[in-house]
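**Student:**
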Amino acid sequence: MSMCSLLTQVEESGPCRNRQGQLPYGIRKNQLDSQPTMHCQQNLTASLLSLLVGVCALSAMRDARAWGDEGHKIIALIAYGRLSEPARHKVDALLADDEDTLTPADFASRATWADRYRDSDRNGSKTRYLSTRQWHFVDINLDDLIAKPDLDTPCHGFPKLPQNVLASNGPAGDCVVTKIEQFQQELQRSASPAERLLALKFLMHFVGDLHQPLHAAEHNHDKGGNEVLVLFGRHHVAQDKLNLHAYWDTQLVSMLGKDPNAVAQSLILDMKSSDAQRWEQGTPQDWAKDTFAVAKAKAYDLARMEHRSATVKRKREDGSPMLMPVDVTVLDGQYANDMLLVAREQLQKAGVRLATVLEGAL
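Heads up, the sequence shown is in my numbering, so the first residue is 472 and it goes up one at a time.
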C-alpha cells in the first residue's frame with residue numbers, strides 16, 4: 472500500500488532529544504515549557520501530521536522536479552558560460568526559432584522546459600505526462616548485492632530506437648541515460664530543425680536531472696527517497712512538507728541563494744580547472760554511476776540521524792481502517808551543511824557536463 476493511502480491520523484512516539492541529549496535540528500530550547508517531553512511530543516505530532524499530509528502529493532509519483540527550477544537554471548548558466556562561441560551561436564539560433572510558451576525563451580528558463588512539458592497535460596489526457604515522466608531518472612538499486620551499480624536493469628538494456636522513430640517519440644520506459652544518448656545523437660545528426668530543437672531542450676534538462684543523487688538511486692524501493700519522511704529546520708516542516716527526495720530537489724538549492732545568476736557565478740568562480748577537466752571525461756553512463764555513488768555515500772547516509780517512530784491510520788482496499796508504522800528521519804544541521812557542499816559540486820558537474828554534451832553535438 473502506498474504511504475499516502477487516505478491518511479487520517481499521525482501519532483508520534485519517543486522522547487524529543489537524541490542520544491546525546493540534544494534537541495533535533497530545528498527545535499529551539501526556548502520552545503520547551505515546564506513539561507518539555509509532553510510539549511515536544513505535541514509539537515512533533517503536529518509537525519509529523521503536516522508533513523505526512525503534505526508529502527502525499529510528492530511521493531505518490533516518482534517525478535518530482537529534480538533540482539527545481541532554480542537548480543536547472545544554475546546548471547544551464549554554468550554550461551552556457553563554458554560553451555565556445557560557435558556552439559553558443561548554434562544554441563542561440565535553435566532557441567530563437569522556438570515559439571513554445573511553456574517557459575520564457577531565455578537559455579536558463581528553457582532548461583526547465585522538460586518538466587513543464589511533462590506536466591502540461593498531467594491533469595488532462597496525460598499523453599505527454601505518461602510518455603515522458605520516466606525519462607527524468609534512473610533508479611539504480613542500492614540494495615543489489617553486486618560489485619558495480621546495475622544500469623542495465625533500470626535502463627532495460629539500453630534498447631536502440633526502432634527505425635524511423637524519433638527520440639522524442641521513443642519508448643515511455645526509457646531511463647534518463649538512454650534519453651541523453653539518444654537526444655545527443657539527434658542534436659548532432661538530425662536533419663529536422665524541429666527535432667533538433669526538442670533534443671536541445673530535453674538535453675538541457677536531463678543532464679541536470681542525472682546529477683541529482685536521488686534521480687540516480689533508490690533504496691528499498693523508496694522511489695528515490697520519495698517515501699523517506701524527514702523532519703528538518705526550525706519552522707519549515709509544516710510549510711514545506713518534504714520527503715528526502717524533495718529536500719534534495721529544492722531545499723538544498725534554495726540554501727545556496729535566491730538568484731540563479733549569482734549562484735551560478737559563485738559556483739563558476741569556486742570551480743577548479745583541474746576538476747572541470749576531470750568532470751568533462753566519460754559518458755552519460757559513467758556520470759550516472761558517479762551520481763549513484765554520491766547517493767549511496769552521501770544522500771542516503773542516514774544511519775547516524777535520529778529516527779522517530781510514527782503511526783499513520785489508513786484504509787485498506789475494502790475500506791476498513793489500519794494502523795501503519797512509519798519511520799521519520801530527523802535531518803540535523805550537520806547533514807544540511809555536508810549535503811550543501813555535495814549539492815554545490817553536483818550542480819558544478821552538471822553544468823560542465825551539459826556544456827560538454829552540447830559542444831560535442833554542435
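From the three backbone atoms N, C-alpha and C, an ideal C-beta is built for every residue, glycine too.
Under a three-way DSSP split, which group does D798 fall into?
**Tutor:** Three-state result, D798: strand.
**Student:** Just the C-alpha distance for G525 and L740, rounded to the nearest angstrom, thanks.
**Tutor:** Bear in mind that the predicted position of G525 carries a pLDDT of just 43, short of 50, making it too unreliable to give a figure here.
**Student:** Fully enclosed by the region 667-729, which alpha helix (DSSP H) runs are 4 residues long or longer?
**Tutor:** You should have 708-711.
**Student:** R787 by DSSP, collapsed to three states: which one?
**Tutor:** In the structure shown, R787 sits in coil (DSSP, three-state: anything other than H, G, I, E or B).
**Student:** Less than 8 Å separating the beta-carbons of L554 and A826?
**Tutor:** Yes; because the gap between Cβ atoms is below 8 Å, this pair is in contact.
**Student:** What do you get for T574, buried or exposed, if any count of 16 or more other CB atoms within 10 angstroms of its CB means buried?
**Tutor:** Buried.
**Student:** Is the beta carbon of T762 closer than 8 Å to that of A687?
**Tutor:** Going by C-beta atoms, A687 is nearer than 8 Å to T762.
**Student:** Please classify S639: is it buried, with 16 or more other beta-carbons within 10 angstroms of its beta-carbon, or exposed?
**Tutor:** S639 comes out buried.
**Student:** Three or more beta-carbon pairs under 8 Å between the region 792-810 and the region 629-637, yes or no?
**Tutor:** Contact between the region 792-810 and the region 629-637 is absent, because fewer than three Cβ pairs lie under 8 Å.
**Student:** Please look up how many angstroms separate the CB atoms of V699 and N714, rounded, as I've assumed it's under 8 Å.
**Tutor:** Yes, V699 and N714 are in contact; Cβ-Cβ is about 6 Å, under 8 Å.
**Student:** Strictly under 8 Å for the Cβ-Cβ distance: is A558 near chain D by that measure?
**Tutor:** Chain labels in this structure do not include chain D; a single protein chain is all it has.
**Student:** Which stretch, first to last residue, makes up the alpha helix (DSSP H) that contains M810?
**Tutor:** Taken as a continuous stretch (DSSP letters only), the alpha helix (DSSP H) holding M810 covers G804 to A832.
**Student:** Kindly indicate which residue of V701, E830 and R815 has the alpha-carbon position closest to the one of E541.
**Tutor:** Looking at the Cα atoms, R815 is the closest of the given residues.
**Student:** Shortest alpha-carbon distance to G696 belongs to which of P630, W719, D623 and W538?
**Tutor:** Checked all of P630, W719, D623 and W538; the closest Cα to G696 is W719.
**Student:** When the distance is taken between beta carbons, is R604 closer than 8 Å to R581?
**Tutor:** Contact: no.
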